[in-house]
Amino acid sequence: MENLTKGVNSMNISDSSNKKNRIQVSNTKKPLFFYVNLAKKFMQIYNEVELSALGMAIATVVTIAEILKNNGLAVEKKIATSTVEIKNESGGRPIQKTKIEILLGKTEKLDEFMAAAAAAAEEN
Numbered sequence: 014m015e016n017l018t019k020g021v022n023s024m025n026i027s028d029s030s031n032k033k034n035r036i037q038v039s040n041t042k043k044p045l046f047f048y049v050n051l052a053k054k055f056m057q058i059y060n061e062v063e064l065s066a067l068g069m070a071i072a073t074v075v076t077i078a079e080i081l082k083n084n085g086l087a088v089e090k091k092i093a094t095s096t097v098e099i100k101n102e103s104g105g106r107p108i109q110k111t112k113i114e115i116l117l118g119k120t121e122k123l124d125e126f127m128a129a130a131a132a133a134a135e136e137n
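If you're matching positions, the sequence shown starts at 14 in the working numbering and goes up one per residue.
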């Protein structure tokens, strides 16, 4: 877990995407708490974060949002659902996938939590 936090903290956040504060979540590529820690960092930088997922990863996004909300680190600002068409690799019919976007804003408790975590890391 400590290596995961170090990895998130050392990430260079690129400004190349349209939305700088969007995290596109996959349920197969990274562990759940990687996205939780990344969302905390994004909220610290941008004051809000947009979590986005397609299909089976929707449950992962909802879990991430609930962890942050239940710990008092984020407040829910907006939830949007839609359907998107994805082209099949074999050139067949396009496939429709469900999509969710959850916009979370940071709370004052997040700043306190991150400051305490930084202080604890310095002590060790």
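Cβ atoms here follow ideal geometry from the backbone N, Cα and C, with glycine treated the same way. Being a predicted model, the structure only gives us computed values, none of them experimental.
Item	Value
By how many angstroms is the C-alpha of Phe46 removed from the C-alpha of Ala129?	18 Å
Pull up the distance between the alpha-carbon of Val75 and that of Gly104, whole angstroms please.	32 Å
In this structure, what does DSSP give as the bridge partners for Arg142?	Here the chain covers residues 14 to 137 and nothing more, so residue 142 does not appear.
Does the stretch 82–95 come into contact with the stretch 111–121, if we say contact requires no fewer than three beta-carbon pairs (one atom in each stretch) closer than 8 Å?	yes
So Leu64 and Ala52 are in contact, right, with Cβ under 8 Å, and what is the actual spacing, rounded?	7 Å
If I follow the unbroken alpha helix (DSSP H) through Ala70, where does it start and stop?	Run containing Ala70: none; DSSP gives neither H nor E here.
Rounded to the nearest angstrom, what separates Ile108 and Leu116 at their Cα positions?	26 Å
Could you check where the beta strand (DSSP E) with Lys122 kicks off and where it finishes?	Unbroken run through Lys122 is the alpha helix (DSSP H), 121–136; no beta strand (DSSP E).
DSSP three-state label for Glu102, please.	coil
Taking Cβ to Cβ, would you say Val62 is nearer than 8 Å to Asn34?	yes
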